[in-house]
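Asks: Have a look at this one before I ask anything.
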Amino acid sequence: MKKLMVMLFALLPSLVMAAGAKVPLDAANNDLSDKASLQRGAKLYMNYCFGCHATQYQRYERVANDLDIPVDLMRENMIFDRDAKIGDLMTNAISTEYAANSFGAPAPDLTLVARVRGTDWIYTYLRSFYADPSRPFGVNNVVFPSVGMPHVLEELQGVPSKTYETRLVDGEEVQEYVGIQSDGTGELNDEEYDEAVRDLVNFLEYSGEPMKLERQNLGLWVMGFIVIFFVLTLLLKKEYWRDVH
């Protein structure tokens, strides 16, 4: 029985992810080598997300150095706690109890969300809010039904709504969901909003693994070394066994 419970808990994350895979996900196509995109994403995150969601496994100084943001500019525009130091972890002031009472559940830390959910899931999720007067914050989400989070990017996107297309199925007209459409009252048009979300997702992917590009580059050097070492080993083997054969 104990082993069965362990197996069920081990499978639980994969089952949860599988349940969320019913909604087709759009490709984020973000680029970790694009420093300008990462800088814009960091700005969006700090202004629209950080009030509730910390990235407590990141440090302000590390982000500034990695993204080529001058330390003075980081301290002046992206550190809202005036008592915080540039080397501090990126925690916010909202308490777990307050967040739970306000949103129904504590606001999760987002440092590793891209590694848990995947960039395509986050990209699609942030573009799938729609107006729903029955919900506490007046919005719902196609990817995450009954979401407890408000649409914090609404001022950028405008008021989004579901769009449907009438199709004939077995001779009957059926309303089929085709996507989300903004009413145009946001600061950005559809293409600009998608690009802003992509920048935000880019920053979240960076936060989950700041050394990803360095690791990948190091991996290429290691693979190159292995190939060269294999060739030298093969030549040495032939030299040693030449007289035997």
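Counted the way mature numbering (1 follows the signal peptide of the UniProt record, and there is no 0) counts, the sequence shown spans residues -18 to -1, 1 to 227. The beta carbon of each residue, even a glycine, is placed where N, CA and C say it ideally should be. Being a predicted model, the structure only gives us computed values, none of them experimental.
Using the C-alpha atoms, what's the distance from valine 213 back to tryptophan 103?
Replies: Answer to the nearest angstrom: the Cα atoms are 43 Å apart.
Asks: Tell me whether the region 151 to 164 and the region 177 to 187 touch, counting them as touching only if at least three CB pairs, one residue from each stretch, are closer than 8 Å.
Replies: The region 151 to 164 is not in contact with the region 177 to 187.
Asks: Within its chain, find whatever has a CB closer than 6 Å to the CB of phenylalanine 111; leave out the 5 residues flanking it on each side and keep chain order.
Replies: Answer for phenylalanine 111: Val121, Asn123, His133, Pro142, listed in chain order.
Asks: May I have the straight-line CA-CA distance separating leucine -7 from valine 45, to the nearest angstrom?
Replies: Confidence is the limiting factor: at leucine -7 the pLDDT is only 39, short of 50, which leaves the residue's position unreliable and the question unanswerable from this model.
Asks: Please go through the region 113 to 151 and give each complete alpha helix (DSSP H) segment of 4 or more residues, from N-terminal end onward.
Replies: Runs found: 136 to 139.
Asks: Please list, in chain order, all residues of the same chain as glutamate 147 whose beta carbon is under 7 Å from its beta carbon, the five residues on each side excluded.
Replies: Cβ within range, chain order: Glu158, Val160.
Asks: Distance check for methionine 131 and phenylalanine 85, CA to CA, integer angstroms please.
Replies: Rounded to the nearest angstrom, the two C-alpha atoms are 7 Å apart.
Asks: Buried or exposed: which applies to isoleucine 51, given that a residue is buried once 16 or more other Cβ atoms fall within 10 Å of its Cβ?
Replies: It is buried - the Cβ of isoleucine 51 has at least 16 other Cβ atoms within 10 Å.
Asks: Within 10 angstroms of its Cβ, does glycine 23 collect 16 or more other Cβ (buried), or is it exposed?
Replies: Buried is the call here.
Asks: Going by other Cβ atoms of all chains shown within 10 Å of its Cβ, with 16 needed for buried, is threonine 167 buried or exposed?
Replies: That one is exposed.
Asks: Check this for me: beta carbons of serine 164 and glutamine 139, under 8 Å apart or not?
Replies: Yes, the Cβ-Cβ distance between serine 164 and glutamine 139 is below 8 Å.
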